[in-house]
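I have placed the structure first, in the form of structure tokens, so that the comments after it can refer back to it.
There are 2 protein chains.
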Amino acid sequence: MDRDQTEKDDEASGLGRPTLKTLAFMTGLGVTTVSRALKDAPEIGAETRRRVQLVAKQIGYRPNRAGVRLRTGKTNVISLVLNTEREIMSFVSDIIYGVSEVIADTPYHLIVTPYSRSQDPLDPIRYLVETGSADGVIISRTQPNDPRARYMLERGIPFATHGRTDMGLIHPYHDFDNYAFATEAVRHLAGIGRRRLALLAPPVELTYHSHTLNGFTDALSEVGASEIPFNTVSVDHSIEQIRMRTAQLMRRDVRPDGFVSSAAAATLAIVAGIEDAGLKLGRDVDVVSKQSSDLLHLFRRELLVVNENFRLAGAELARSVLGWIGGATPGSLQSLSKPTGVLAYRRPD
Amino acid sequence: MDRDQTEKDDEASGLGRPTLKTLAFMTGLGVTTVSRALKDAPEIGAETRRRVQLVAKQIGYRPNRAGVRLRTGKTNVISLVLNTEREIMSFVSDIIYGVSEVIADTPYHLIVTPYSRSQDPLDPIRYLVETGSADGVIISRTQPNDPRARYMLERGIPFATHGRTDMGLIHPYHDFDNYAFATEAVRHLAGIGRRRLALLAPPVELTYHSHTLNGFTDALSEVGASEIPFNTVSVDHSIEQIRMRTAQLMRRDVRPDGFVSSAAAATLAIVAGIEDAGLKLGRDVDVVSKQSSDLLHLFRRELLVVNENFRLAGAELARSVLGWIGGATPGSLQSLSKPTGVLAYRRPD
DNA sequence: GTGACAATCTGTAACGTTTCAGTATATAGG
DNA sequence: CCTATATACTGAAACGTTACAGATTGTCAC
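Structure (structure tokens):
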């Protein structure tokens with residue numbers, strides 16, 4: 001028995017990665033005590049606690065994730081679920097950095113779980129939940145009646161959505177105020193004399209489609225301008241399609257003199273379409289566009305822009321998920337961000 | 001003892017997530033047998049093997065990652081290490097999708113490990129290696145003498161670099177042929193009559209800086225054109241800085257009549273700077289730019305573009321890392337991609 | 001001096017997996 | 001008929017962690 005003990009201690013002092021056993025050996029305490037001392041359990045003496053924590057810091061002890069996960073089921077993982085074909089580029093980049101920023105000084109890792117056009121969006125969620133691969137999930141492209149949100153709510157797995165749902169169910173979200181964006185855009189266009197406005201909207205199936213559309217039509221009647229229908233395309237369509245449809249539209253007798261565009265890349269296409277039709281931006285027509293990086297003004301000086309900050313969205317979403325995991329009530333983890341970096345006012349003359 | 005047995009079996013048949021114990025109970029075999037049967041071990045009878053695999057498939061058995069990881073040390077994780085401030089947006093998005101594509105039907109997960117300007121780039125690598133958080137690592141912003149590559153090579157952890165090193169050490173990489181890009185760009189500019197060329201290069205510390213520069217200067221002497229130095233800025237500088245420096249440069253007596261730009265966003269700034277100086281793209285000066293998404297031609301019709309496919313890069317990098325993990329020799333996992341979607345030839349007239 | 005009780009610490013078991021060292025059975029060789 | 005060997009399977013131990021149920025002190029009231 002003495003031999004066994006010695007042998008074990010020798011192993012514990014080995015030069016591999018330190019474990020609780022290593023710490024136990026070094027401090028002369030039991031593994032259990034060390035474990036509890038590290039998490040400030042009350043039944044451990046103050047001095048012991050400090051001693052253990054000191055040694056742990058000194059030798060750079062880090063809990064083994066697999067051990068914790070196996071024992072407790074806690075993965076310390078947040079999963080960001082992304083559509084590999086339809087997400088906006090800057091969205092992917094910025095939201096990842098936003099999330100990273102928030103989880104940087106936590107034990108959490110960020111895993112990216114992709115799904116493609118051909119898959120049911122519920123697939124990756126089912127996978128995550130069934131395999132218990134994450135403590136929290138962030139989803140985008142949220143729908144009014146979102147099966148993913150419903151599914152996770154039913155299983156009680158913490159998540160946050162980019163965009164709101166409309167199912168009468170409460171869950172954390174972060175959203176950009178697209179209603180405000182659309183109303184401000186319309187008001188501004190009206191302010192510079194534009195009367196016939198077209199909206200390049202988000203895809204109908206996503207919640208922010210109606211937010212945007214409502215803001216657009218409400219402001220339209222407020223300012224007494226009229227809508228030129230432009231709903232054969234959405235921001236999800238290809239650059240080429242949007243460009244072509246815009247050009248078609250601009251060649252009609254009754255054509256818009258103002259556009260509201262929900263995405264920067266789509267705006268490039270709209271402008272190209274306008275110019276294809278031989279018209280000039282700022283003279284014949286004005287365009288207000290959302291953008292997430294400050295590049296559109298380089299593209300055409302005349303463009304009017306509203307900024308949506310995806311990095312902030314990522315940070316907020318991460319905070320929400322961590323909050324839920326930490327026991328906060330879902331209803332308190334909802335946020336809406338207002339349009340910023342407002343339109344540079346300008347008269348067409 | 002009988003009671004205990006029954007109790008255990010009851011647990012095994014429970015409705016939680018199925019484990020090897022569940023399978024063992026259902027098949028009437030031992031846990032060991034089931035484990036081996038699932039991985040086609042030779043000492044398991046053919047029928048037993050099929051039977052176990054059938055049941056496993058039926059009840060949707062998936063090995064517990066924490067269990068495997070704890071026992072074997074295998075994490076089934078690939079980590080993509082990214083600089084949160086300096087990566088190109090479309091790079092982040094596309095490379096993630098490229099990697100995802102390749103690991104989609106493997107047990108691997110992708111985790112994103114970020115680091116910021118203020119940190120030593122080696123920090124995240126050290127963290128990953130010390131905590132054994134990944135089976136393989138992908139890094140970008142590779143330097144000729146890259147401490148990260150050296151570090152991982154020393155510890156024997158599989159990795160792949162986006163871009164090459166120049167340390168006489170062999171490791172997997174994927175790189176875009178920036179030498180070819182620069183030579184083709186210069187040749188093309190010379191072909192349309194441009195004689196005084198400026199290069200907006202990658203940051204000096206990265207390996208592809210010299211690749212690009214060498215291609216540029218080699219082609220310059222080949223076609224007998226001259227260089228207008230433009231090395232106070234790189235593609236890493238802010239849009240505003242590049243724009244200002246370009247404008248300054250274009251107001252000089254001896255100014256370039258051609259630009260080669262290593263990044264799309266920087267190209268927007270160059271064009272803005274050119275126009276700030278009252279000059280016209282396509283008439284006074286031509287610009288050849290790399291781009292990763294097909295948007296620059298919408299920006300200015302006159303822009304000449306070469307495409308770099310980051311999604312492909314991500315896929316290649318993932319293949320390389322998996323290959324190395326799978327036992328292939330590092331030297332066989334290197335690839336170079338040629339410029340595609342060549343310049344639309346056009347005369348300035 | 002005794003019992004009660006708080007304070008502090010500890011061993012064992014379990015999470016799910018794989019590996020090691022077997023065991024049991026059948027087959028074949030002599 | 002006995003031994004050797006191959007075939008097919010199995011239990012125990014271990015990876016690192018935490019929870020549970022003690023165990024060992026010391027202190028204090030009476």
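As they're listed, the protein sequences go chains A and B. First residue of the first sequence? That's 1 in the UniProt record's numbering, and the numbers climb one at a time after it. First residue of the second sequence? That's 1 in the UniProt record's numbering, and the numbers climb one at a time after it. From the three backbone atoms N, C-alpha and C, an ideal C-beta is built for every residue, glycine too. Source: prediction; values computed, not measured.
Below 7 Å on C-beta distance, what does residue i contact in chain A?
i	result
residue 96 (chain B)	92 and 112
Taking 8 Å as the threshold (C-beta atoms), are residue j and residue i in contact?
i	j	result
residue 171 (chain B)	residue 313 (chain B)	no
residue 139 (chain A)	residue 112 (chain B)	no
residue 215 (chain B)	residue 179 (chain B)	yes
residue 206 (chain B)	residue 142 (chain B)	yes
residue 316 (chain B)	residue 332 (chain B)	no
residue 90 (chain B)	residue 310 (chain B)	yes
residue 76 (chain A)	residue 123 (chain A)	no
residue 200 (chain A)	residue 261 (chain A)	yes
residue 211 (chain B)	residue 203 (chain B)	no
residue 70 (chain B)	residue 70 (chain A)	yes
residue 42 (chain B)	residue 181 (chain B)	no
Mind listing the chain A neighbours of residue i? Cutoff is C-beta to C-beta under 9 Å, in chain order.
i	result
residue 131 (chain B)	17, 62, 64 and 65
Under 8 Å Cβ to Cβ from residue i, same chain only, skipping five residues before and after it: list those, please.
i	result
residue 103 (chain A)	78, 109, 110, 318 and 322
residue 228 (chain B)	196, 197, 198, 249, 254, 255 and 256
residue 149 (chain A)	139, 142, 159, 161, 165, 167, 169 and 171
residue 1 (chain B)	Here residue 1 (chain B) scores only 33 on pLDDT, less than 50, and its place in the model is too uncertain to base an answer on.
residue 286 (chain A)	189, 192, 194, 257, 258, 259, 302, 304 and 348
residue 243 (chain A)	269, 270, 272, 273 and 276
residue 187 (chain A)	219, 222 and 223
residue 324 (chain B)	136, 158, 159, 160, 172, 330 and 333
residue 82 (chain A)	92, 112, 113, 114, 115 and 140
residue 151 (chain B)	122, 125, 126 and 129
residue 9 (chain B)	Low confidence applies here, because residue 9 (chain B) scores a pLDDT of 44, under 50, leaving its location unreliable and the question unanswered by this model.
Sorted by chain position, which residues of the same chain lie with C-beta nearer than 7 Å to residue i's C-beta, five sequence neighbours on each side aside?
i	result
residue 85 (chain B)	116 and 117
residue 300 (chain A)	271 and 281
residue 296 (chain B)	264, 267, 289, 303 and 305
residue 20 (chain A)	31, 34 and 35
residue 94 (chain A)	292, 310, 311 and 314
residue 61 (chain B)	18 and 23
residue 241 (chain A)	233
residue 74 (chain A)	68 and 135
residue 279 (chain B)	250 and 285
residue 236 (chain A)	86 and 203
residue 183 (chain B)	215, 218 and 219
Determine the chain A residues that contact residue i at a beta-carbon separation under 8 Å, and present them in chain order.
i	result
residue 272 (chain B)	298
Tell me which residues share the same chain as residue i and place their Cβ nearer than 6 Å to its Cβ, disregarding the 5 neighbours each side in the sequence.
i	result
residue 351 (chain A)	Chain A is shown only over 1 to 349; residue 351 (chain A) falls outside these bounds and no answer can be derived.
residue 16 (chain A)	none
residue 146 (chain B)	165
residue 239 (chain A)	269
Anything in chain B within Cβ reach of residue i, meaning under 7 Å, just list it in chain order.
i	result
residue 84 (chain A)	97 and 100
residue 188 (chain A)	Residues of chain B passing the Cβ test: none, with the nearest at roughly 23 Å.
Would you mind telling me which residues of chain B sit closer than 9 Å to residue i, beta carbon to beta carbon, in chain order?
i	result
residue 211 (chain A)	Simply none; closest approach about 25 Å.
Using 7 Å as the cut-off, classify the Cβ of residue i as near or not near the heavy atoms of the ligand ADP, replying yes or no.
i	result
residue 197 (chain B)	Of ligands this structure carries none, so the ligand ADP is not represented either.
field: the stretch 253-267 of chain B touching the stretch 190-210 of chain B, judged by at least three CB pairs closer than 8 Å
entry: The answer is yes - the stretch 190-210 of chain B touches the stretch 253-267 of chain B, with three or more Cβ pairs under 8 Å.
- request: Please determine if the stretch 141-161 of chain A and the stretch 123-143 of chain B are in contact, where contact requires at least 3 C-beta pairs separated by less than 8 Å.
  value: no
query: According to a CB-to-CB cut-off of less than 7 Å, which residues of the stretch 135-166 of chain B neighbour chain A?
result: Here the close residues number zero.
query: According to a CB-to-CB cut-off of less than 9 Å, which residues of the stretch 220-246 of chain B neighbour chain A?
result: 239 and 243
query: What residues from the stretch 247-268 of chain B come within 8 Å of chain A, judged by C-beta to C-beta, listed N to C?
result: 265 and 268
query: At a Cβ cut of 8 Å, what residues of the stretch 287-315 of chain A count as close to chain B, listed as they run along the chain?
result: Against chain B - using a Cβ distance shorter than 8 Å - the residues of the stretch 287-315 of chain A are 293, 294, 295, 298 and 299.
query: Do three or more CB pairs link the stretch 39-51 of chain A to the stretch 41-55 of chain B at distances below 8 Å?
result: no
task: With 9 Å as the C-beta to C-beta threshold (strictly closer), list the residues of the UniProt domain "HTH lacI-type" (18-72) of chain A near chain B in chain order.
output: 60, 62, 64, 65, 66, 67, 68, 69, 70 and 71
- prompt: Residues in the stretch 165-182 of chain A with C-beta within 7 Å of chain B's C-beta atoms, listed in sequence order?
  reply: none
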